Amino acid sequence: MQRIQSLDPADAPAKSAELLDDIIGRRGSVGPMVSAMANSPALLQGYLDFSRAMKRVKLPRALSEKVSLALQEWIGCALCLQAHTRAAQGAGLSDNDIALARQGTSTDRREAALIAYAVRVLAEPASLSDEDIAELREHGWSDQIIADTVGLVALNLLTGSFNLVAGLEPAPAEQSTKEKHDHVG
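Quick note: to get my numbering, add 28 to the position in the sequence shown (first position is 1).
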């Protein structure tokens with residue numbers, strides 16, 4: 029059950045209304061997460077700016093979706109899992125790739141190391157050591173990718189946590205398939 033009210037631009041604080049109007053103008057609509065975030069203009073602005081910035085990471089889209097699937101499995105956001113599963117399928121990932129990602133791994137050892145690192149950044153960042161970072165570099169991951177992954181973790185934590193607090197859940201199958209999770213940029 030939704031616990032934080034979704035707002036239309038007419039009912040939103042002025043800054044949120046402006047942001048919602050902009051998104052609606054570009055995309056035609058906003059999803060449930062963004063309309064609920066509109067209760068906090070600061071959160072909505074921060075999310076939109078951060079989301080746009082993270083679209084510039086150097087991770088391939090398929091790998092970014094694998095990381096997001098692993099993180100959302102850990103966080104427990106069904107709405108995010110649904111959205112990232114669709115995005116992963118759109119990026120060409122197989123059902124097996126998606127299942128492995130949700131388990132925090134991959135058939136590719138290099139990818140598996142980065143996915144495991146992302147989950148540790150989420151779950152136990154204080155446990156990461158110099159050796160862990162050196163191991164990522166041995167797998168060929170640059171400092172930029174290592175840093176970008178922290179940003180991807182933070183974005184997933186923000187969206188997953190917000191959706192859970194707000195009580196946002198996937199729409200039942202019989203409802204419109206147009207309703208989807210709204211990571212916008």
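Where a beta carbon is used, it is the ideal one built from N, C-alpha and C, also for glycine.
It should be emphasised that the depicted structure is a prediction, and the values quoted were computed from it without experimental measurement.
| Check | Outcome |
| --- | --- |
| Taking only the alpha-carbon atoms, compute the straight-line gap between Ile-173 and Ala-70 and give it to the nearest angstrom. | 28 angstroms |
| Using DSSP with H/G/I as helix, E/B as strand and the rest coil, what is Ile-32? | coil |
| So Ser-44 and Leu-87 are supposed to be a Cβ contact under 8 angstroms. How far apart are they, rounded? | The Cβ separation is near 30 angstroms, so there is no contact. |
| CB-CB under 8 angstroms to Cys-108, same chain, minus the five flanking residues each way: which ones, in chain order? | Ser-96, Gln-100, Asn-184, Thr-187, Gly-188, Asn-191 and His-209 |
| Would you check if the stretch 165 to 172 and the stretch 131 to 141 touch, i.e. whether three or more CB-CB distances between them fall below 8 angstroms? | yes |
| Taking buried to mean at least 16 other C-beta atoms within 10 Å of its own C-beta, is Leu-128 buried or exposed? | buried |
| Under the rule that 16 or more other beta-carbon atoms within 10 Å means buried, what is Leu-150, buried or exposed? | buried |
| Look at the Cβ atom of Leu-48, then the Cβ atom of Pro-37, and state whether they are nearer than 7 angstroms. | yes |
| Taking the straight line between their C-alpha atoms, what separation do you get for Ile-161 and Arg-89? | 22 angstroms |
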